[in-house]
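Engineer: Could you have a look at this structure, given as structure tokens, before my questions?
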Amino acid sequence: MSQTMNSRPPPVIVEEERPQTFSKTQRYDRTHLEAPKPIPKPRDEKFFVASQINQRELDSSSYRLSRVPQKFTSTKMNKGIPPQSFVDQYYSNNPNAQVDTRTPKEKLEDLKAKLGEENEESDPQEKLDLIVQQKTLSSLVYGETSVETIRSLIAMGAFYNTQYLPESAMRHLKKAKGITGSVQTEDKDLLRLHVEITDSKMQTPSNTPKQKLYSSFEKILSPYKETITEDKKLAYRRNLYMAEIYYYQNKFEEAIPFYESASEGFSEANTKKEQKPQLATLLIHEAECYHGIEDKNKEKESYEKAIDVYKELEMKYDVDKYQKIVDELQKQIEEEEKQKEEEEKEKHEEEEQKQEETPKETHVVIEEPVNEIVQNISNSMK
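Residue numbers for the sequence shown follow UniProt numbering, so the first one is 1 and each next one is one higher.
Structure follows, in structure tokens:
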């Protein structure tokens, strides 16, 4: 028994596997780690059919995007088909189009005639197309720095002002103003240019105080406030803008003549009924200017003219509103006239009283006989 116990084999000590440790430099060095080897696939024809891809698969986006882009290769032009010019391509797409053989100057004259026939009811897009063509031909015929190009740029700015796009208008008007420094320009063109610049600046929103803002407008337009023009609408706009410029600066005496000229020329410059409210506003501002210089009679007349316009437009609220002001003015005028009559009466009575209190001077008349007078005259002649 003792032998069997002694013959028992010693216990086997199994050491636990410790995790492999790496030094500080080896932690970031992965070169000693071997990547897993790919499992070999059986050599079957199905895995080697790259040369048998059909055209549909080649054209697919998945195949195309899987390829490496060739950045340094240029596409070669197909030498078999020569490229078409723009002219050839245009006439091939428009076989019925006719070639315009006129000179650029003749085309420009035709465009001027068409633009002269345009009115406020014309299609804006068609009008813009004509103005763009006019600008291009003006630059081609007369050059970039010419009076004709200035006029075309002013026309572009004026069009954008009518569409309430002041930024686009100013872009063209600034170009026109830049050219005027190197080209002798007539006063009528300068007047039109600065009227349009003033219009676009008035339309542009600004946080500047109104009085300061309109002072800057005065510097732009005042040099041309007396420029003579046969264009009735342009003259009306100039007078209206100058009146508004003075009105918002509380320069009432300077504003009144321009308001009067604008109201007189309104009918010739504006034919549409939709523009009538502008006349009423003009007359209201004119009345307020007369109020500023304390001329109640003229103020009342301007309000009455505005009321007539509102009646024509059937704007009852405005009629009632300004009729109350007119009635109040009438009372004030009557009271002032009555007070003035009383003052004149008192003054007249005071003068009469002074005359009564003043003693009358007595004049002594010495009557000489006629014979003595004749005798004296004859003696003096001797």
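Note that CB positions come from ideal geometry on N, CA and C, so glycine has one too.
In this text, all values refer to a predicted model and were calculated from it rather than measured experimentally.
When you compare each of LEU283, LYS321, TYR246 and THR185 to SER146 by their alpha carbons, which one comes out closest?
Structural biologist: The option with the nearest alpha carbon to SER146 is THR185.
Engineer: Quick one: give me the first and last residue of the alpha helix (DSSP H) that ILE333 is part of.
Structural biologist: 316 to 357 is the extent of the alpha helix (DSSP H) around ILE333.
Engineer: Would you grab the beta carbon distance between ALA255 and ALA243 for me? Rounded to a whole angstrom, and I think it's under 8 Å.
Structural biologist: ALA255 to ALA243, Cβ: 5 Å. Contact.
Engineer: Please report the straight-line C-alpha distance between ASP88 and TYR142, rounded to a whole angstrom.
Structural biologist: Taking the straight line from one Cα to the other gives about 29 Å.
Engineer: Measuring only the C-alpha atoms, how far is ILE131 from GLU304?
Structural biologist: Roughly 42 Å separates the two Cα atoms.
Engineer: Please check the pair LEU329 and VAL309, which I expect to be a contact at CB under 8 Å, by giving their CB distance rounded to whole angstroms.
Structural biologist: About 18 Å; that fails the 8 Å criterion.
Engineer: With contact counted as at least three CB pairs below 8 Å, one residue from each stretch, are the segment 199 to 214 and the segment 154 to 168 in contact?
Structural biologist: Cβ pair count under 8 Å is three or more, so yes.
Engineer: What is the DSSP secondary structure of SER139, counted as helix, strand or coil?
Structural biologist: The answer is helix: DSSP assigns SER139 an H, G or I state.
Engineer: What are the start and end residues of the alpha helix (DSSP H) that includes LYS308?
Structural biologist: The question names Lys, but residue 308 is Asp in the sequence shown. Segment 296 to 312, the alpha helix (DSSP H) holding ASP308.
Engineer: At the level of alpha carbons, what is the spacing between LYS354 and LYS331?
Structural biologist: Their Cα atoms are separated by approximately 35 Å.
Engineer: Does DSSP put VAL132 in a helix, a strand or coil?
Structural biologist: If DSSP states are grouped into helix, strand and coil, VAL132 belongs with the helices.
Engineer: What does the alpha-carbon distance come out to for the pair LYS296 and GLU253?
Structural biologist: About 14 Å.
Engineer: Buried or exposed: ASN250, going by 16 or more other Cβ atoms within 10 Å of its Cβ?
Structural biologist: The residue is exposed, with fewer than 16 neighbouring Cβ atoms inside 10 Å.
Engineer: Put LYS201 into one of helix, strand or coil per three-state DSSP.
Structural biologist: Three-state result, LYS201: helix.
Engineer: Can the beta-carbon of TYR259 be found less than 8 Å from the beta-carbon of TYR214?
Structural biologist: Not in contact: TYR259 and TYR214 (Cβ atoms no closer than 8 Å).
Engineer: Can you check which of these residues, GLY116, SER216 and ALA306, is closest to ILE325 by C-alpha distance?
Structural biologist: Among GLY116, SER216 and ALA306, the Cα nearest to that of ILE325 is on ALA306.
Engineer: Using a Cβ-Cβ cutoff of less than 8 Å, which residues in the same chain neighbour LYS210 once the five nearest sequence positions on both sides are dropped?
Structural biologist: Here the set comprises TYR248.
Engineer: Beta-carbon within less than 8 Å of LEU140's beta-carbon, same chain only, minus the 5 sequence neighbours each way: which residues are those?
Structural biologist: Within the same chain, LEU140 has close Cβ partners PRO104.
Engineer: Determine the burial state of GLN134: buried for a count of at least 16 other Cβ atoms within 10 Å of its Cβ, exposed for fewer.
Structural biologist: So GLN134 ends up on the buried side.
Engineer: From HIS172 to PRO124, what distance separates their C-alpha atoms?
Structural biologist: Approximately 17 Å between the Cα atoms of the pair.
Engineer: For VAL195, count neighbouring C-beta atoms within 10 Å of its own C-beta (all shown protein chains included) and say buried if the count is 16 or more, exposed if not.
Structural biologist: With 16 or more other Cβ atoms within 10 Å, it is buried.
Engineer: For PRO277, which of VAL319, GLN323 and ILE293 has the nearest alpha-carbon?
Structural biologist: Of the candidates VAL319, GLN323 and ILE293, the one whose C-alpha sits nearest the C-alpha of PRO277 is VAL319.
Engineer: Is the Cβ-Cβ distance between ARG238 and ASP189 less than 8 Å?
Structural biologist: Not in contact: ARG238 and ASP189 (Cβ atoms no closer than 8 Å).
Engineer: Quick one: measure Cβ to Cβ for LEU108 and SER138, integer angstroms, because I've assumed they're closer than 8 Å.
Structural biologist: Right, their Cβ atoms sit about 7 Å apart.
Engineer: Please report how far the alpha carbon of TYR317 lies from the alpha carbon of LEU283, in whole angstroms.
Structural biologist: Distance between the alpha carbons of TYR317 and LEU283 is about 17 Å.
Engineer: Can you name, in chain order, every residue of its own chain whose Cβ lies under 6 Å from the Cβ of LYS298, other than the five neighbours on each side?
Structural biologist: Counting only Cβ-Cβ distances below 6 Å, and skipping sequence neighbours, we find TYR290.
Engineer: Just checking my contact of ILE154 with ARG192 at CB under 8 Å: how many whole Å lie between their CB atoms?
Structural biologist: Indeed, because the Cβ distance is near 6 Å, the residues count as touching under 8 Å.
Engineer: Mind checking GLY157: buried by the 16 CB within 10 Å criterion, or exposed?
Structural biologist: Under this definition GLY157 is a buried residue.
Engineer: Would THR198 pass as a contact of ILE179 if the rule is Cβ separation under 8 Å?
Structural biologist: Taking 8 Å as the Cβ cut-off, THR198 and ILE179 do not qualify as a contacting pair.
Engineer: Nearest by alpha-carbon distance to LEU240: which of ASN96, GLY265 and ILE293 is it?
Structural biologist: Residue GLY265 is the option with its Cα nearest to LEU240.
Engineer: Terminal residues of the continuous alpha helix (DSSP H) containing VAL99?
Structural biologist: Run containing VAL99: none; DSSP gives neither H nor E here.
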